[in-house]
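J.:
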Amino acid sequence: MTAPVSLRRTQARTVGFTEEARYQATSDEKDGDLTDASWKKAWTYHLVGGVLTPLGGGTIGDPVQRGVDVITTAWLQDKTNEINDTAQADHKETYGARIQQLREVGQD
57 MTAPVSLRRT QARTVGFTEE ARYQATSDEK DGDLTDASWK KAWTYHLVGG VLTPLGGGTI
117 GDPVQRGVDV ITTAWLQDKT NEINDTAQAD HKETYGARIQ QLREVGQD
């Protein structure tokens with residue numbers, strides 16, 4: 057037997073509401089991870105730069121520091137891609153589960 061349309065709509069809205077809350081929470085987690093990675097890049101750059109830049113009166117240290125900047129920027133880009141890929145995979149997996157739930161609600 058199929059549930060009345062009003063009940064199915066209420067169930068679908070509930071699933072949608074909880075999914076939006078979950079999405080917001082995981083987006084906050086992703087944003088936190090991105091912020092953490094950015095801070096790690098900045099601290100690494102500045103800590104290493106504080107040691108290296110004065111070398112040779114700056115003539116040796118400055119070019120080395122630029123190399124550190126390139127390395128830490130590449131690391132940050134890789135980390136950002138990893139965080140975004142993980143979040144996207146999670147959202148896709150959950151989306152599939154929610155679609156299945158809505159199909160089941162429609163069959164109740």
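Residue 57 is where the sequence shown starts when you use my numbering, and the numbers rise one by one after that. For each residue, glycine too, the CB sits at the ideal point set by N, CA and C.
With 16 other CB atoms within 10 Å as the buried threshold, where does T70 fall?
T.: That one is exposed.
J.: Measure the Cβ-Cβ separation of G105 and V124 and say whether it is below 8 Å.
T.: Against a cut-off of 8 Å, the Cβ pair of V124 and G105 comes out as a contact.
J.: With 16 other CB atoms within 10 Å as the buried threshold, where does Q133 fall?
T.: Result: exposed.
J.: May I have the straight-line CA-CA distance separating W95 from T129, to the nearest angstrom?
T.: Cα to Cα, the separation comes out at about 12 Å.
J.: Between D84, R122, G88, T91, which lies nearest to Y101 when the distance is taken from Cα to Cα?
T.: That would be R122, whose Cα lies nearest to the Cα of Y101.
J.: For D89 versus I155, is the C-beta spacing smaller than 8 Å?
T.: Not in contact: D89 and I155 (Cβ atoms no closer than 8 Å).
J.: Going by beta carbon distance, what residues of the same chain come within less than 7 Å of Q144, once the five residues before and after it are set aside?
T.: Excluding sequence neighbours, Q144 sits near nothing in its chain.
J.: Got a sec: does the ligand ATP put a non-hydrogen atom nearer than 7 Å to the Cβ of S94?
T.: Absence of the ligand ATP from the depicted structure is noted, as is the absence of any ligand whatsoever, leaving it without description.
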